[in-house]
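6 protein chains.
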Amino acid sequence: MAQEQPAARILAIGSHPDDIEYGCGGTLVKYASAGHGVFLYVATAGSFGGDPELRRREMEASAEIMGAEKVFWGDYTDTQIPESQQLVGEIEAVIAEVRPLFIFTHWRDDTHQDHRNLTACTLSATRYIPNFLFYEGPTSQNFSPNVYVDISAQLDAKMALLEAHASQMTKTHIEETSILDMARSAATYRGIQARVRFAEGFVSQRLLIDV
Amino acid sequence: MAQEQPAARILAIGSHPDDIEYGCGGTLVKYASAGHGVFLYVATAGSFGGDPELRRREMEASAEIMGAEKVFWGDYTDTQIPESQQLVGEIEAVIAEVRPLFIFTHWRDDTHQDHRNLTACTLSATRYIPNFLFYEGPTSQNFSPNVYVDISAQLDAKMALLEAHASQMTKTHIEETSILDMARSAATYRGIQARVRFAEGFVSQRLLIDV
Amino acid sequence: MAQEQPAARILAIGSHPDDIEYGCGGTLVKYASAGHGVFLYVATAGSFGGDPELRRREMEASAEIMGAEKVFWGDYTDTQIPESQQLVGEIEAVIAEVRPLFIFTHWRDDTHQDHRNLTACTLSATRYIPNFLFYEGPTSQNFSPNVYVDISAQLDAKMALLEAHASQMTKTHIEETSILDMARSAATYRGIQARVRFAEGFVSQRLLIDV
Amino acid sequence: MAQEQPAARILAIGSHPDDIEYGCGGTLVKYASAGHGVFLYVATAGSFGGDPELRRREMEASAEIMGAEKVFWGDYTDTQIPESQQLVGEIEAVIAEVRPLFIFTHWRDDTHQDHRNLTACTLSATRYIPNFLFYEGPTSQNFSPNVYVDISAQLDAKMALLEAHASQMTKTHIEETSILDMARSAATYRGIQARVRFAEGFVSQRLLIDV
Amino acid sequence: MAQEQPAARILAIGSHPDDIEYGCGGTLVKYASAGHGVFLYVATAGSFGGDPELRRREMEASAEIMGAEKVFWGDYTDTQIPESQQLVGEIEAVIAEVRPLFIFTHWRDDTHQDHRNLTACTLSATRYIPNFLFYEGPTSQNFSPNVYVDISAQLDAKMALLEAHASQMTKTHIEETSILDMARSAATYRGIQARVRFAEGFVSQRLLIDV
Amino acid sequence: MAQEQPAARILAIGSHPDDIEYGCGGTLVKYASAGHGVFLYVATAGSFGGDPELRRREMEASAEIMGAEKVFWGDYTDTQIPESQQLVGEIEAVIAEVRPLFIFTHWRDDTHQDHRNLTACTLSATRYIPNFLFYEGPTSQNFSPNVYVDISAQLDAKMALLEAHASQMTKTHIEETSILDMARSAATYRGIQARVRFAEGFVSQRLLIDV
């Protein structure tokens, strides 16, 4: 059947440059290339992991590869994202501009305080957006996905996004394991669960589906 | 964007006539009318709740209103659906014929043994089907949905499906509450969670989404 | 058996005018009319949802209909309730005055930051109160009740409480659904689970029962 | 307030002699002595743990101490209780005779197959009984109670019930720990959570409360 | 510190040849080579996945590579493992012979009925064994590990175990993904969570640790 | 087998003097006496529960009995421990000095705000420590352990640790129940689950085991 399906607007939210790419970069590439509008909010320039100017440039380069329409930058300091009404308000302002149909953000149980706090604020700010999905990252805990996106055709592109963050490649706290190794194994692992070659996994808080 | 989207084949599985309608009737009406193929497997004729011949006829009438392509009937006795390899095999045979992309069945925590056993067998038989959603019913326990279908435009049709099961209208074990009252309040309640007028709620075990 | 049962003192805690009524208004009407002492703590005047003076008056009117003995008002700003030791102390002071046997408050998983923060402080302040129940609201997430109160005889009174908050009637973020529609469908939905006509559902954290 | 409160009828269900006593013996003593009607269903004579004739006599003696009105005996073999429609039917027959308001049974996650199977059947058979509580035992897993009964005044009586099962006193699989030691420590441990001297803890599946 | 640590006896339980290897093969290699006694119980010869004689030989070859002391074979038919008292008894007999300190078996939530049923029986039969760990497999659901074993030095050996099951190499239901690809990605993915190069992840039901 | 097993370094974290002892004192005595290095971080002097100078002295005495190498003192005020980046940094500094292999801290669901906040900060600060276990206390909620330490030989020593906090002996909010009664019943109760005489129970977030 041919259906007239309008382009959706998607807002992905992350604490540091490369968080979004690790969690849902393949999904965003897929949707941007299908004509949907992809927008990113990044709360900090990630100064804890490297020179913030460099990291901003890496992020902008990654967003361009992804086909994202715009990166919204928060002005928070790495490791110090607060759970505050001010941050809720900032995300609400982004939402007022983007009017997204989908929100992607960090899974709520995470050992990184920035991730926890940003997600708490995001839950508040996006209260009336119909589709809300949590993505996973290396510091997620107790994450058990119930929704998947097949990224078999986007895995290389996802790797390219992560390679754009060249300064972060080996900051994994595990010897001989690069961020690319981690992302590839996660994509294979989630693919097994979704019965496809490569996938990204999500926990759905709420999702209005159409077959 | 105009997308060529192929018709999906959907298999809904229930223990007794009207279980499927209560849990996901609105969703099935929506998808059938959108051109997707809707198939039903009903394990028993529901003799515990009324004359089995009558109940079969009610079910067939409901399936016709729904636009379902076929009702597969199991030959089990109401209240005695087993958790058995034979039942797994029967569902596998239906799947081999229908080749569905989506499975809908009872939520796994339920006070009715038929629902629990049928769902256990369905989990086994549908192991490699990519989309698997649990629907709710009056005997579900601890059900907290994470996926919704907007049935605002299908609520009347859902009521019509349930009315086709005229023999069951007041068998709710609650005074002054008909099955229609129950279904309508559930649709409103799940709509609140999905931020739409009326919805059906599902727990996703796995779901491959495309925006 | 005739038993001499002393009147219990109940403290219900909510962030904004009408939160308590939506979550457990029928229960409070039932207990107030049975001679128990009902006390309310409302942390903000709800200025985000309307004129705070008006909303205070609506709340006081509702409390009078309910038969509550007193409304304690917090002095917090709507959307800015903190998780703070000061708020814990304020609730402790109310508890010292009321000496309640029962606490009712927002469910802890909620998209509204005020609800989350108030509940966190309430958990601390009420540590030694034997009965602690969470109520639900439209912004609750993952709420699955295990305790119910039959409000079949109090549904109309519950509607009257909500009507006292006339300024909030249509602020539901869902078209054609008023707060009364929402409350009525929730009461029916929870009634189905409790096998009664209308109910309010609660999650018990701890509850000392006597048959 | 003086309230006319009718006597409730309570049905406690257990697999073997002394299971009920361990899980909720104090509660049953409390309610029987308050004038409520206490009924017991015991599915096996516990031949795996001793002479079945002796164990039946111990059970009958315990029931008499408890003040129970009647012990219904199932005819199942210890370790072989099935999850079957026949057992569902037997429990339904007991319910038809007792018409209980409250059901107490084993917690559903348990390493003993008899406990799991009996509880599955009980969930089905008691579908329309308004109050359903799970009790704990030494083989329960992942049990985290949300409802408590204060048995400070019944602890000695609970010990007497367990002592009536003299043949089981040291069958605990832990050196130097008798069943009395176990029950006493559980009562203290649950009392800590309930903020009373001694308590029994329960998981409520559904419970209609009145303050 | 030098400690005299006695060899532990470990019993790993699986439904089909290669289930144990996929779930905990690296762990078993590690412990066997450290001098502990490794024993295997395999309930079926896996006739659904190939010639049963061939599969038995593959299993015996794998056990030899692993350094296991003995494979106990159940006589069940693939896809038809029952949840029965007889199977509980058989596992109890193996336990009486092996006297293990550790049990490893399938995670309890699984789409394969054989895995679910074997695990239910194992939970019963091993009730008094102090250490009980669930391993994962491709058909596990909702598995979120809390215990890990570092198999960085055993990954190659684990691959060798799986290669011994040559007949199963490509039976993954996912194109272009072999069982080796799956196991390698799982080891990397669980390694990320454990902060080591490669790991196997487990859910602990109970585990008596010593630092 | 004789194995050369290096001494492990353990860091236990608690909000107030005696929290660590109640939760894992027996475990720490066991490991200190086995030659491992035990270090303690106590965030406040517990002025809410008594004279802070006295409580510090009690804590130091207890640490000496325990065989701990050092107590690190935080400078926070009792009841006012924040969830802050500063506290994360302080714990990171302790970790840099101690280089622990194991972290023990409060269970994350607790009615005491100090416990919740300290644990949230600890989760962040210890992100790359391989072994992370939550201990329980009287204000824990929904705690269901999956790891145990046998403290049958250390129960008396654990009692001695708690007796060193003489000022806290009866501050239990439960009549006739001292902190020693509580700890003893918990040790018995957890012992039942671990199939030993006395145990401490833990929830493992991640744990790298070796048999």
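Protein chains in written order, with our numbering: chain A, 734 to 944; chain B, 734 to 944; chain C, 734 to 944; chain D, 734 to 944; chain E, 734 to 944; chain F, 734 to 944.
The beta-carbon is built from N, C-alpha and C at its ideal position, and this holds for glycine as well.
- Comparing C-alpha distances from residue 779 of chain D to each of D:740, D:765, D:744 and D:900 shows the shortest one belongs to D:900.
- From the listed residues E:835, E:752 and E:807, the smallest Cα separation to residue 782 of chain E is found for E:752.
- When DSSP states are grouped into helix, strand and coil, residue 748 of chain E belongs to the coil group.
- DSSP, read as helix, strand or coil, puts residue 763 of chain E in helix.
- The three-state reading of DSSP puts residue 784 of chain E in coil, since its state is none of H, G, I, E or B.
- DSSP, read as helix, strand or coil, puts residue 861 of chain C in coil.
- Within the segment 790-821 of chain B, the residues whose Cβ lies closer than 7 Å to some Cβ of chain E are 818 and 821, listed in chain order.
- Here DSSP, grouped into helix, strand and coil, assigns residue 884 of chain F to coil.
- In chain A, no part has a C-beta under 8 Å from the C-beta of residue 941 of chain F; the shortest such distance is about 13 Å.
- Looking only at F:757, F:798, F:768 and F:869, the smallest Cα-Cα distance to residue 845 of chain F is reached by F:869.
- Per DSSP, the beta-bridge partners of residue 742 of chain A are A:770.
- If you check each beta-carbon in the segment 902-925 of chain A against every beta-carbon of chain E, the ones closer than 9 Å belong to 905, 906, 907, 908, 909, 910, 914, 915, 917, 918, 919, 920, 921, 922, 923, 924 and 925.
- Of all residues in the segment 736-768 of chain C, none places a beta-carbon less than 7 Å from a beta-carbon of chain B.
- Taken atom to atom, the span from the alpha-carbon of residue 814 of chain D to that of residue 774 of chain D is near 13 Å.
- In this structure, DSSP gives residue 795 of chain B a helical state, which the three-state scheme calls helix.
- Residue 923 of chain B and residue 768 of chain E have their C-alpha atoms spaced approximately 57 Å apart.
- Note that the C-beta distance between residue 809 of chain A and residue 941 of chain B is not below 8 Å.
- The closest CA to that of residue 919 of chain D, considering only D:872, D:897 and D:834, is found on D:872.
- Contact check for residue 742 of chain A against residue 841 of chain A fails: the beta carbons are separated by 8 Å or more.
- Taking 8 Å as the threshold, the shortest C-beta distance from residue 877 of chain E to chain A falls below it.
- Closer than 8 Å to the CB of residue 874 of chain B there is at least one CB belonging to chain D.
- DSSP, reduced to helix, strand and coil, places residue 855 of chain F within a helical segment of the structure shown.
- Short of 6 Å from the beta carbon of residue 788 of chain B, and not among the five residues preceding or following it, lie these beta carbons of its own chain, in chain order: 750, 778 and 779.
- Using a CB distance below 8 Å, the part of the segment 880-898 of chain E facing chain F consists of 880, 881, 882 and 883, ordered along the chain.
- Close to residue 861 of chain A, with beta-carbon spacing below 7 Å, are these residues of chain B in chain order: 928.
- For residue 866 of chain D, the three-state secondary structure derived from DSSP is strand.
- The DSSP-derived three-state label of residue 928 of chain C is coil.
- In this structure, the beta-carbon distance from residue 939 of chain B to residue 875 of chain B does not fall below 8 Å.
- The beta carbon of residue 857 of chain B sits no closer than 8 Å to any beta carbon of chain A.
- Residue B:888 holds the alpha-carbon nearest to the alpha-carbon of residue 763 of chain B among B:817, B:913, B:928 and B:888.
- Sixteen is the threshold: when 16 or more other Cβ atoms of the shown chains lie within 10 Å of the Cβ of residue 816 of chain C, as they do, the residue is buried.
- Membership of residue 807 of chain F in the beta strand (DSSP E) is indicated by the continuous run 803-809.
- In its chain, beyond the 5 residues on either side, 771, 799, 800 and 801 have a beta carbon closer than 7 Å to the beta carbon of residue 765 of chain E.
- As summarised for the segment 882-924 of chain C, the continuous alpha helix (DSSP H) elements at least 4 residues long and confined to that stretch are 888-897, given in chain order.
- Cβ contact annotation for residue 791 of chain A (same chain, cutoff 7 Å, sequence separation greater than five): 750, 897, 898, 899 and 900, in chain order.
- Per DSSP, the beta-bridge partners of residue 936 of chain C are C:867.
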